[in-house]
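Please read the structure below before turning to the comments.
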Amino acid sequence: MIRLEPFTQADFSQLIEWIKDEELLMSWSGSLFSFPLTQESLAWYIEDTNDPLTSDAFVYRAVDSKTNEVVGHISLGGISRKNRSGRISRVLVGSHQERGRGICQGMIKAILKIGFEQLGLHRIDLGVYDFNKGAIGCYTKAGMVLEGTSRESLYFNGAYWSLTEMSMLEAEWDKLYGKAKPTLTPAPLPAQDVL
Numbered sequence: 001m002i003r004l005e006p007f008t009q010a011d012f013s014q015l016i017e018w019i020k021d022e023e024l025l026m027s028w029s030g031s032l033f034s035f036p037l038t039q040e041s042l043a044w045y046i047e048d049t050n051d052p053l054t055s056d057a058f059v060y061r062a063v064d065s066k067t068n069e070v071v072g073h074i075s076l077g078g079i080s081r082k083n084r085s086g087r088i089s090r091v092l093v094g095s096h097q098e099r100g101r102g103i104c105q106g107m108i109k110a111i112l113k114i115g116f117e118q119l120g121l122h123r124i125d126l127g128v129y130d131f132n133k134g135a136i137g138c139y140t141k142a143g144m145v146l147e148g149t150s151r152e153s154l155y156f157n158g159a160y161w162s163l164t165e166m167s168m169l170e171a172e173w174d175k176l177y178g179k180a181k182p183t184l185t186p187a188p189l190p191a192q193d194v195l
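Residue numbers 1 to 195, in UniProt numbering, belong to the letters of the sequence shown in order.
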């Protein structure tokens, strides 16, 4: 099971250790950060996040409930309370040895649960570079629906990368995982356990 907990300054060193090269940084964050990832850039990244009443972004570490080890990172941002929408981003299963164990799918389900059931969102989307077939497979298994491609949207190392767009609607969440029961005023976001 995967549990999501707020990402804090205490998690910075672990994330920096996972992001060992510029290509991984670009794949994880697009052009949001410059390589190398730093404590200062991560402090900026989490500024004004994780307040259930005012934030438009929630940033988490993913914890394996069996071992209590931090195994990944994920965020839900771009939250529009008017449109009831948000965007999953910066999804990372930290260790290569952990990949293929269902951690990614657990992280996606946990963040979708927060978005639909706690924040009362109607639509949650994400973008993933089209060469990342493992991530696309993970998101599809979690129930995300392919919408299309933003062609050649990022230029890196002499090549353009295209972005595959995927989303899930509230009714699709309800059908797959049970009726979403949003809280009208979001309560503080507790850690989330999801298989």
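From the three backbone atoms N, C-alpha and C, an ideal C-beta is built for every residue, glycine too.
Computed from a predicted model, the values in this text were never measured in an experiment.
- Is the distance from the Cβ of Asp11 to the Cβ of Val70 below 8 angstroms? yes
- Query: With a CB to CB cut of under 6 angstroms and the five nearest residues on each side skipped, what residues in its chain are close to Ile79?
  - Reply: Asp56, Gly86
- Query: How many Å lie between Asp21 and Leu37 at the Cα?
  - Reply: 9 angstroms
- Message: If you measure between the beta carbons of Ile114 and Phe58, is that distance less than 8 angstroms?
- Response: yes
- Query: Looking at C-beta atoms only, is the number of pairs between the stretch 99 to 107 and the stretch 133 to 145 that lie closer than 8 angstroms three or more?
  - Reply: yes
- Message: Taking the alpha carbon of Glu117 as the reference point, which residue from Glu170, Gly143, Glu23 has its own alpha carbon closest?
- Response: Glu170
- Query: Looking at C-alpha atoms only, which residue of Gly100, Leu53, Ser95, Ser31 is the closest neighbour of Arg81?
  - Reply: Leu53
- What are the partner residues of Leu92, as DSSP defines its beta bridges? His73
- Below 8 angstroms on the Cβ atoms is my guess for Phe33 versus Leu25; work out the distance and round it to an integer in Å. 6 angstroms
- Task: May I ask which residues mark the beginning and end of the beta strand (DSSP E) holding Ile124?
- Result: 123 to 129
- Which one of Arg90, Leu92, Ile103 has the shortest CA to CA distance from Lys66? Ile103
- Query: Considering only residues of the same chain and omitting the five flanking positions on each side of Phe35, which have a CB-CB separation below 6 angstroms?
  - Reply: Glu22, Leu25
- Pick helix, strand or coil for Met166, following the three-state DSSP scheme. strand
- Sheet register partners of Ala159 (DSSP bridge): Phe156
- Query: With a CB to CB cut of under 7 angstroms and the five nearest residues on each side skipped, what residues in its chain are close to Gly72?
  - Reply: Ala62, Leu92, Val93, Gly94, Ile103, Met107
- Query: In terms of alpha-carbon separation, which member of Ser41, Asn50, Ser162, Tyr155 lies closest to Gly148?
  - Reply: Ser162
- Query: Span of the beta strand (DSSP E) holding Ser32?
  - Reply: Correcting the residue type first, residue 32 is Leu in the shown sequence and not Ser. Run containing Leu32: none; DSSP gives neither H nor E here.
- Message: Using the three-state DSSP reduction, which class does Ala10 fall into: helix, strand or coil?
- Response: helix
- Item | Span of the beta strand (DSSP E), counted from its first residue to its last, around Ala62 | 58 to 64
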